[in-house]
Structures are given as C-alpha cells and as structure tokens.
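This report concerns only the one structure given below.
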Amino acid sequence: MSSTDVRSQTSKDVPAPGVVDMSLEVIVIGVSDVDRAKEFYGGLGWRLDADVTRGADLRLVQFTPPGSGCSVQFGVNLTSTPPGSAEGTYLIVSDIEAVRDGLVARGVEVSEVFHEGTPGARFHDPGRVPGPSPDGSSYGSFASFTDPDGNGWLIQEVTTRLPGRIDPGVTTYASASDLAEAMRRASAAHGEHEKRIGAADPNWPDWYAEYMVAERAGNELPT
Numbered sequence: 060m061s062s063t064d065v066r067s068q069t070s071k072d073v074p075a076p077g078v079v080d081m082s083l084e085v086i087v088i089g090v091s092d093v094d095r096a097k098e099f100y101g102g103l104g105w106r107l108d109a110d111v112t113r114g115a116d117l118r119l120v121q122f123t124p125p126g127s128g129c130s131v132q133f134g135v136n137l138t139s140t141p142p143g144s145a146e147g148t149y150l151i152v153s154d155i156e157a158v159r160d161g162l163v164a165r166g167v168e169v170s171e172v173f174h175e176g177t178p179g180a181r182f183h184d185p186g187r188v189p190g191p192s193p194d195g196s197s198y199g200s201f202a203s204f205t206d207p208d209g210n211g212w213l214i215q216e217v218t219t220r221l222p223g224r225i226d227p228g229v230t231t232y233a234s235a236s237d238l239a240e241a242m243r244r245a246s247a248a249h250g251e252h253e254k255r256i257g258a259a260d261p262n263w264p265d266w267y268a269e270y271m272v273a274e275r276a277g278n279e280l281p282t
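Note that the numbering used here has the sequence shown beginning at 60, numbered continuously upward.
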C-alpha cells in the first residue's frame, strides 16, 4: 500500500477476540475492450500493477489509483458483470478541485463539481446543484466521470472524517503531501497550545501524534 500510517502509541493493534481484519483491496468491473480500458485507466495516471494472460481464455489487468489501498481489475473471463454496469464507485479525495483539474488536463471528461440539492442526487443528474458544498463541509462536494464502457466513478471530497469512521489506533494518509499538511495543522494548533500553557512543550511529538490521530478519526482535538 502506498499510504502513510501513523499509529497511536496507546494502541496495541490487537483485534477484538474472534475478529479478523478484512481489507477491501480489489473491485472487478466489466469492460468490452480490455486494451481500450487499459489505455483509459493508464491515462488517468493510475499505477499499472498487472497485465497477466493465461492462454486465450484469461486476462487480468489491475490498476491502483494514487494513494489507494484498493485496486480495480478488468479483463477476459473475470466477471459475468456486463460492461459498463458499475455505478457510483467512490474515489475519495482531499481536494476535489485539484483532482478534477488534473483529470481534465489528462483529457478526461469530468462533470463540474456539484453538491446535492436533494438527498441521493450524487447518484443521478436530477437534484445536483452546480458548485461545491456551500459551507465547504466534508463529504458534501462531488464530481463524476465514466470510462469508455460507461462504468461510473464518483469523486467525493472528504477533508474530515465523521467520528467512528476511522480506527483511532491506526491513522492513514493517502500521500506524503497529505501527511505534511496534517503536520502543519498540528504545528499551528500546538503553537496555540504553547501560548495557553505559557511555556515550550518538550513533549510536542506526543501532542502532534494525539492531535493528528484525533483529527483523522473525527474525535475531539487536544487543546
């Protein structure tokens, strides 16, 4: 995985009794032309992990989006799912405008950024309102695009996770730049913390770690 993990010092990383970790790592989509699909997903800037052929009856192609722990596979005799039937497969990003601009620069036809005027409008055109979420809320801004077969991808901007959505013992960042931004926010907050206590805090690494894990998990931030 290409993400960066920050682990809480208080976490023992031991699953609850009878619980085994399960990681969603691959989704399979149907395509009608494997080479055309390979060219499209490669053109997105996604990493090509595999292109394996076993005789005339099996071909498996795998791509992974930047910073993702989950990959997409397509090929020959991988699925009975009709080409183009995948809908609303989420791509979570921290800056939707930057991601959209990057895709457009690569020649991808991407919708304008929109938000929901009615519940569920992210999945269909009626009810979509142009522009990002008016209050800039996390989870509220979207864009969409399709591959040549019509398999649909939904881009959603998530800047702060809702409480309980992240394991507080393991905090994952999609890239080094995301981690750097989190450290900058922690640094600024720590500066305010030192002003409040009126002294330099020698345990700033612990404070940074607590702040970054709490922020990512959607928990109350330290002060």
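Glycine is no exception: its CB is placed at the ideal position from the N, C-alpha and C atoms.
Nothing here was measured: the structure is a model prediction, and the numbers come from that model.
Please report the Cβ distance between residue i and residue j, rounded to the nearest whole angstrom; I am assuming they are in contact, meaning their Cβ atoms lie under 8 Å.
i      : j      : result
Phe99  : Asp184 : Actually they are not in contact, since the Cβ atoms of Phe99 and Asp184 sit about 22 Å apart, beyond 8 Å.
Arg220 : Arg275 : 6 Å
What number of angstroms, rounded off, separates the C-alpha of residue i from the C-alpha of residue j?
i      : j      : result
Gly211 : Asp237 : 26 Å
Pro261 : Ala248 : 15 Å
Arg66  : Glu253 : Low confidence applies here, because Arg66 scores a pLDDT of 48, under 50, leaving its location unreliable; read the following figure in that light. Distance between the alpha carbons of Arg66 and Glu253 is about 24 Å.
Val152 : Ile214 : 7 Å
Glu279 : Asp265 : 16 Å
Val169 : Gly128 : 23 Å
Leu107 : Gly126 : 13 Å
Met60  : Ser192 : Annotation note: pLDDT 37 at Met60 (below 50); position unreliable, coordinate value reported separately. Roughly 31 Å between the two C-alpha positions.
Val78  : Thr231 : 21 Å
Ser70  : Asp80  : Only weak support is given to the placement of Ser70: the predicted model assigns it a pLDDT of 44, under 50, and the value that follows is read from those uncertain coordinates. If I take the Cα positions, the gap works out to 15 Å.
Asp92  : Ser144 : 14 Å
Gly179 : Tyr149 : 14 Å
Gly250 : Ala258 : 10 Å
Pro124 : Ser130 : 7 Å
Gln68  : Ser82  : Summary for Gln68: the model assigns pLDDT 44, below 50, so the residue's position carries little reliability; its value from the coordinates is reported in the next sentence. So the alpha carbons of these two residues sit roughly 22 Å apart.
Flag this pair as yes or no: are the beta carbons of residue i and residue j separated by less than 8 Å?
i      : j      : result
Pro142 : Val90  : yes
Gly147 : Phe122 : no
Gly186 : Glu175 : yes
Ser197 : Thr218 : yes
Phe173 : Val188 : yes
Tyr267 : Ala239 : no
Met271 : Ala241 : yes
Pro256 : Glu216 : Reading the sequence as shown, one finds Ile at residue 256 and not Pro. Their beta carbons are not under 8 Å apart, which means Ile256 does not touch Glu216 by this criterion.
Ala109 : Asp208 : no
Gly102 : Gly166 : yes
Would you check whether the ligand PLP has a heavy atom nearer than 7 Å to the C-beta of residue i?
i      : result
Asp184 : Of ligands this structure carries none, so the ligand PLP is not represented either.
What first and last residue would you give for the beta strand (DSSP E) that runs through residue i?
i      : result
Pro142 : Unbroken run through Pro142: none, as it is neither H nor E.
Phe306 : Not covered by the structure: residue 306. The range shown for the chain is 60 to 282.
Tyr198 : Note, Tyr198: premise wrong, no beta strand (DSSP E); not H, not E.
Leu162 : It is not in any beta strand (DSSP E) - Leu162 instead sits in the alpha helix (DSSP H) that spans 155-164.
Ala258 : Counting along the chain, Ala258 falls outside any beta strand (DSSP E), and DSSP gives it neither H nor E.
Asp208 : Premise fails: Asp208 is in no beta strand (DSSP E) and is neither H nor E.
Val169 : Neither: Val169 is in no beta strand (DSSP E) and is coded neither H nor E.
Ala180 : Ala180 -> no beta strand (DSSP E), and no H or E assigned at all.
Val135 : 130-135
Leu107 : 106-113
Thr282 : Taken as a continuous stretch (DSSP letters only), Thr282 belongs to no beta strand (DSSP E), as it is neither H nor E.
Arg35  : Any question about residue 35 goes unanswered here, given that the chain covers just 60 to 282.
Thr148 : 148-152
Would a check of beta-carbon distances place residue i closer than 8 Å to chain B?
i      : result
Leu280 : No chain B is part of this structure, which consists of one protein chain only.
Could you tell me the boundaries of the alpha helix (DSSP H) in which residue i lies?
i      : result
Glu216 : Where Glu216 is concerned, there is no enclosing alpha helix (DSSP H), although the beta strand (DSSP E) it sits in stretches over 211-216.
Ile88  : It is not in any alpha helix (DSSP H) - Ile88 carries neither H nor E in the DSSP assignment.
contact_flag[the segment 81-89, the segment 197-204] where n(CB pairs < 8 Å) is 3 or more: Touching, no, given that fewer than three Cβ pairs across the two stretches are closer than 8 Å.
Given 8 Å, three or more beta-carbon pairs between the segment 130-149 and the segment 108-117: yes
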